[in-house]
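To start, the structure under review is shown below, and the notes come after it.
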Amino acid sequence: MANLKYSRQRASIKEYLAGTVEHPTADTVYMHVKEEFPNISLGTVYRNLNLLADIGDAVKITTPDGGDRFDGRTEPHYHVVCCSCGKVEDLEMSSEEIASINNAADSIFDGKVTSHTTLFYGTCKDCLEKEK
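Residues 1 to 132, numbered by full-length UniProt numbering, are exactly what the sequence shown covers, in order.
Structural data, given as structure tokens:
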């Protein structure tokens, strides 16, 4: 992307994403950034989140409920969606474990697998505790 103009609002959105592990929706990001920029619109937040995802400064996670979540952590990692409460959490796996999935897919694909995305589903620790 050629010479992206600096934006204080975009920088604030990126800073918020980098400082949270919650995988917020655009609405959540909007509520937090609005404290610093009271006149910012939800549309501006959406456009900037999608732009950050497009340029690799954020990860867009499309969840089955239709709401996109965003992650400021851009190195390869997986996510788990709780089927009870909808929370999205990071799933820590080593780079070797991630590479082994690429290698397994590559071994049966008539071509070359270079990366993949995976979204796991389950029940988070908090929801399991509530079920007891």
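Cβ coordinates follow ideal geometry from the N, Cα and C atoms, glycine included.
Nearest-angstrom Cβ-Cβ length linking residue i and residue j, presumed shorter than 8 Å
i      : j     : result
Asp71  : His23 : 5 Å
Gly122 : Cys83 : 7 Å
Val80  : Glu89 : 5 Å
Thr117 : Arg69 : That belief does not hold up - the Cβ atoms of Thr117 and Arg69 are roughly 13 Å apart, past 8 Å.
Reduced DSSP secondary structure (H/G/I, E/B, other) of residue i
i      : result
Ile13  : helix
Thr33  : Reading off the sequence, residue 33 comes out as Val, not Thr. Residue state, collapsed to three classes: helix.
Lys132 : coil
Lys125 : helix
Cβ-based neighbour list, residue i, same chain, cut-off 8 Å, excluding 5 preceding and 5 following
i     : result
Thr74 : Gly56, Asp57, Ala58, Val59
Cβ shell of residue i (< 7 Å), same chain only, five flanking positions each side left out
i     : result
Asp65 : Gly86
Tyr16 : Val29, His32, Val33
Spatial neighbours of residue i in its chain, beta-carbon cut-off 6 Å, leaving aside the 5 residues before and after
i      : result
Pro76  : Ile98
Ala105 : Val113
Could I get the ranges of all uninterrupted beta strand (DSSP E) runs contained in the segment 81-123, with 3 residues as the minimum, in chain order? Along the segment 81-123, the beta strand (DSSP E) occurs as fully enclosed runs of 3 or more residues at 88-91, 119-122, listed in sequence order.
Where in the segment 15-79 do unbroken runs of the beta strand (DSSP E), each at least 3 residues long, occur, reported from the N-terminal end onward? 59-62, 68-71
Quick one: any contact between the segment 30-50 and the segment 95-102, if contact means 3 or more CB pairs under 8 Å? Cβ pair count under 8 Å is below three, so no.
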